[in-house]
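Numbering (our numbering), first residue to last: 117 to 568.
From the three backbone atoms N, C-alpha and C, an ideal C-beta is built for every residue, glycine too.
Each remark here refers to the structure printed beneath this line.
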Ligand SMILES: Cc1cc2nc3c(=O)[nH]c(=O)nc-3n(C[C@H](O)[C@H](O)[C@H](O)COP(=O)(O)OP(=O)(O)OC[C@H]3O[C@@H](n4cnc5c(N)ncnc54)[C@H](O)[C@@H]3O)c2cc1C
């Protein structure tokens with residue numbers, strides 16, 4: 117209900133959420149001379165698992181925005197993924213997918229303990245010109261039918277904030293989406309359990325180690341200060357204890373023992389893995405950024421990178437559409453929504469396809485799984501191109517379509533194996549599925565090109 121006695125304030129940009137997406141957006145827009153207010157309720161009780169591995173475009177973006185500083189080391193360098201396939205042999209089959217080089221220099225990502233990263237970013241952005249924060253407050257209502265006015269509530273009462281732009285950076289379960297009536301589709305995939313051990317136990321300390329097995333994906337990567345994060349996926353309806361036991365059976369002995377000891381002494385951290393697709397990312401003077409704008413399975417570890425990209429795209433959209441020294445917010449949001457939509461489609465499609473292939477629950481998925489590893493084993497360029505897609509260095513659906521077709525072409529190499537195992541009919545069905553999927557990707561890529 118409207119209450120005209122509550123305080124009223126006017127800013128250029130109000131951001132609901134002071135985590136990675138909110139802070140990155142504030143830093144990007146502060147550079148445009150806008151006044152920005154970040155509203156953040158503050159730490160929620162109980163630590164949960166969340167993103168820590170950041171790919172090169174995310175790290176480079178955080179440096180560009182002035183949120184990271186080479187002189188303040190926070191985490192541990194990451195050079196790409198080291199992927200251990202469960203179904204195809206022992207640890208010696210591990211695939212190294214490097215980020216590759218840019219201007220002769222090896223590209224580097226970083227993994228930073230989540231709470232440390234969040235606190236560092238928020239502290240840093242508070243020093244930026246034009247940025248103010250309300251910690252311990254949250255947006256509780258959005259008034260009007262657009263343009264919206266936000267109601268910010270805290271222990272001291274309510275305040276109405278008018279802004280030319282309001283950003284919902286309040287995470288995957290976004291209340292802001294709900295408050296403005298943007299519906300979404302949700303799929304809960306699985307849960308995640310986590311532990312931490314010394315990083316000396318990691319098989320490849322400078323890579324994000326990914327262990328694949330029939331009960332899901334497990335990750336292990338150094339996060340700085342000599343520690344490593346270990347995460348296990350627990351599929352829906354699976355027994356968490358049994359899942360962890362199976363995951364651990366795929367780990368090298370010393371890492372398994374260290375994790376077992378850590379889990380016996382500490383309560384494991386937890387989280388849920390969702391795919392969330394909002395019907396739109398923009399409505400009137402409101403836009404979604406980061407996980408609120410959509411998230412997918414954390415397999416590609418690209419949520420933070422995507423959030424940083426959102427901030428840069430929003431900034432560039434405002435600059436691109438600026439006329440006579442005035443920002444055209446409506447035109448900028450239209451551009452933002454179009455570009456981010458494309459990026460998210462590639463990111464989500466890649467995560468979905470890989471997840472199905474890695475879980476390999478059907479013969480067709482198993483065939484795709486084997487094609488992927490055959491492709492990676494036989495092509496250094498393929499390993500690098502795949503990592504470019506995984507890390508969002510390349511977010512083109514065209515590139516994904518091309519890579520998918522190259523992967524699918526490996527079905528013919530696998531034919532003798534499937535023939536020997538008397539699985540020819542499954543092979544034919546798998547080939548049919550791979551080629552129709554491949555055509556689907558070409559079609560999506562072509563339609564996107566036509567639209568552009
Ligand atoms: C298990 C797991 C592992 C992952 N691993 C990786 C990884 O390795 N690499 C990677 O890049 N990504 C990873 N991700 C994804 C990554 O965690 C997210 O993409 C990232 O944290 C999103 O940041 P965000 O700022 O959009 O949202 P969040 O970090 O969820 O922040 C939302 C903020 O909004 C605030 N808020 C909530 N409601 C309101 C309100 N009403 N008003 C104002 N503020 C509000 C909250 O307090 C919070 O601070 C992982 C995710 C999971 C679940």
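Three or more beta-carbon pairs under 8 Å between the region 132–144 and the region 228–242, yes or no?
-> Counting Cβ pairs under 8 Å, three or more are found: they touch.
Short check: CB of residue 312 to CB of residue 338, under 8 Å?
-> Contact annotation: residue 312 and residue 338 have beta-carbon atoms that are not nearer than 8 Å.
What's the gap between the Cα of residue 156 and the Cα of residue 296?
-> Each residue's Cα considered, the two are about 18 Å apart.
Own chain residues within Cβ distance below 6 Å of residue 204, not counting five before or after | Low confidence applies to residue 204: its pLDDT is 46, below 50, so where it sits in the model is not reliable, and the reading given next is rough at best. Cβ neighbours of residue 204 beyond the five flanking positions: 489.
List the residues that DSSP assigns as beta-bridge partners of residue 123.
-> Per the DSSP secondary-structure output, residue 123 pairs in a beta bridge with 275.
Exposed or buried, what is residue 187 when buried is set at 16 or more other beta-carbons lying within 10 Å of its beta-carbon?
-> By the Cβ-count criterion, residue 187 is exposed, with fewer than 16 other Cβ atoms from all chains shown falling within 10 Å of its own Cβ.
At least three beta-carbon pairs within less than 8 Å, the region 119–139 to the region 273–288 | With the rule of 3 Cβ pairs closer than 8 Å, the region 119–139 counts as touching the region 273–288.
Less than 8 Å between the CB atoms is what I'm expecting for residue 212 and residue 328, so what's the real figure, rounded?
-> Actually they are not in contact, since the Cβ atoms of residue 212 and residue 328 sit about 15 Å apart, beyond 8 Å.
Closer than 6 Å by C-beta to residue 548: which residues in its own chain qualify, once you throw out the five before and the five after it? Chain order, please.
-> Within the same chain, no residue comes within 6 Å of residue 548 by CB-CB distance, once the 5 residues on both sides are set aside.
Taking the Cβ atom as the reference point for each residue, do residue 174 and residue 421 lie within a distance shorter than 8 Å?
-> Yes, Cβ-Cβ distance for residue 174 and residue 421 is below 8 Å.
Between the CA atoms of residue 355 and residue 386 - distance to the nearest angstrom | For residue 386 and residue 355, the distance between alpha carbons rounds to 14 Å.
For residue 139, does the three-state DSSP call read helix, strand or coil?
-> Three-state result, residue 139: helix.
Within 8 Å, strictly: CB atoms of residue 298 and residue 399 = Going by C-beta atoms, residue 298 is nearer than 8 Å to residue 399.
What does a CB cutoff of less than 6 Å around residue 447 pick up in its chain, not counting 5 residues either side in sequence?
-> Shown here for residue 447: same chain residues with a beta carbon closer than 6 Å to its own, the five before and five after excluded, namely 437 in chain order.
Would you say the region 267–274 touches the region 368–378, given that touching needs at least three Cβ pairs under 8 Å?
-> Counting Cβ pairs under 8 Å, fewer than three are found: no touch.
Could you spell out the range, first to last residue, of the alpha helix (DSSP H) harbouring residue 244?
-> Element bounds for residue 244: n/a, residue is neither H nor E.
What is the DSSP secondary structure of residue 389, counted as helix, strand or coil?
-> If DSSP states are grouped into helix, strand and coil, residue 389 belongs with the strands.
Helix, strand or coil at residue 503 according to DSSP, with G and I counted as helix | Reduced to three states, the DSSP call for residue 503 is helix.
Give the single residue among 441, 497, 410 whose Cα lies nearest to the Cα of residue 457.
-> With distances taken between Cα atoms, residue 457 lies closest to 410.
Ligand 1 heavy atom lying under 7 Å from the CB of residue 259 | Flag unset: Cβ of residue 259 not near ligand 1.
Using CA coordinates, which residue listed in 139, 323, 350, 148 is at the minimum distance from residue 250?
-> Checking every option, the nearest Cα to that of residue 250 belongs to 139.
What distance in whole Å lies between the Cβ atoms of residue 452 and residue 430, which are believed to be in contact at a cut-off of 8 Å?
-> Contact check for residue 430 and residue 452: beta-carbon distance about 5 Å, within the 8 Å limit, so the pair qualifies.
May I ask whether a heavy atom of ligand 1 can be found less than 7 Å away from the beta carbon of residue 408?
-> Within the chosen limit of 7 Å, ligand 1 reaches the beta carbon of residue 408 through at least one heavy atom.
Outcome for residue 559 when other beta-carbon atoms lying within 10 angstroms are tallied against a minimum of 16 = Burial check for residue 559: the Cβ neighbour count within 10 Å stays below 16, so the residue is exposed.
The region 342–349 / the region 299–311 touching (three or more Cβ pairs under 8 Å) = The region 342–349 makes contact with the region 299–311; the number of CB pairs closer than 8 Å reaches 3 or more.
Close Cβ partners of residue 461 (< 7 Å) along its chain, the five nearest in sequence each way excluded = Hits under 7 Å: 513.
Kindly indicate the opening and closing residues of the beta strand (DSSP E) around residue 310.
-> First-last of the beta strand (DSSP E) with residue 310: 300–314.
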